[in-house]
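Engineer: At position 78 of the sequence shown (counting the first as 1) the number is 78 in the working numbering, and the numbers step up by one without a gap. The C-beta atom is built at its ideal place from N, Cα and C for all residues, glycine as well.
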Amino acid sequence: MLGSQESAMDDATPPSTQDVGLNAAIARMDANDGFAVLQYQGREVILMSGARFEAWEDAVDSAAIERSVVNPDLNPISLEDLRKQYSIPASGK
Numbered sequence: 001m002l003g004s005q006e007s008a009m010d011d012a013t014p015p016s017t018q019d020v021g022l023n024a025a026i027a028r029m030d031a032n033d034g035f036a037v038l039q040y041q042g043r044e045v046i047l048m049s050g051a052r053f054e055a056w057e058d059a060v061d062s063a064a065i066e067r068s069v070v071n072p073d074l075n076p077i078s079l080e081d082l083r084k085q086y087s088i089p090a091s092g093k
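1) Any idea if residue 36 is buried or exposed, counting beta-carbon neighbours within 10 angstroms, 16 or more meaning buried?
2) Would you tell me roughly how many angstroms separate the C-alpha atoms of residue 49 and residue 84, rounded to the nearest one?
3) Could you tell me the distance, in whole angstroms, from the CA atom of residue 67 to the CA atom of residue 20?
4) By alpha-carbon positions, which one of 91, 34, 22, 63 ends up nearest to residue 41?
5) Ignoring anything shorter than 3 residues, give me the beta strand (DSSP E) runs that lie fully in the segment 40 to 65, in order along the chain.
6) From residue 79 to residue 57, what does the alpha carbon distance come to, in whole angstroms?
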């Protein structure tokens with residue numbers, strides 16, 4: 001049983017050590033402030049470092065918050081109305 005688990009783990013090994021295109025894209029990402037685009041099998045694959053992804057995620061969140069402040073919902077719904085709309089039972093506190 002252990003042998004089959006080991007081979008499954010070997011199959012899960014990323015090809016980064018052998019894939020010349022991926023290695024080149026990673027090198028480009030490292031040189032380009034944590035961002036690169038890789039063309040792979042007719043697709044565009046975006047590579048981002050963890051720090052770059054966090055910055056992108058923060059920017060998306062900030063834009064959503066700013067948009068909601070600039071254009072507030074003219075017909076806001078209360079949590080109580082939302083609970084009733086979806087037939088959610090009230091808590092028995």
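Structural biologist: Result, derived from the coordinates:
1) Here residue 36 refers to the residue found at position 36 of the sequence shown. By the beta-carbon neighbour count (other beta carbons within 10 angstroms, threshold 16), residue 36 is buried.
2) Position 49 of the sequence shown, counted from the first residue, corresponds to residue 49. Position 84 of the sequence shown, counted from the first residue, corresponds to residue 84. The straight-line gap from Cα to Cα measures roughly 44 Å.
3) Here residue 67 corresponds to residue number 67 of the sequence shown, with the count starting at 1. Here residue 20 corresponds to residue number 20 of the sequence shown, with the count starting at 1. Between the alpha carbons of residue 67 and residue 20 lies a gap of roughly 42 Å.
4) Numbered from 1 along the sequence shown, position 41 holds the residue referred to as residue 41. Nearest to residue 41 by C-alpha distance, out of 91, 34, 22, 63, is 22.
5) Scanning the segment 40 to 65 for uninterrupted beta strand (DSSP E) segments of 3 residues or longer gives 43 to 48, listed from N- to C-terminal end.
6) Residue numbering aside, residue 79 sits at position 79 when the sequence shown is read from its first letter. Residue numbering aside, residue 57 sits at position 57 when the sequence shown is read from its first letter. Rounded to whole angstroms, residue 79 to residue 57 spans 27 Å at the Cα level.
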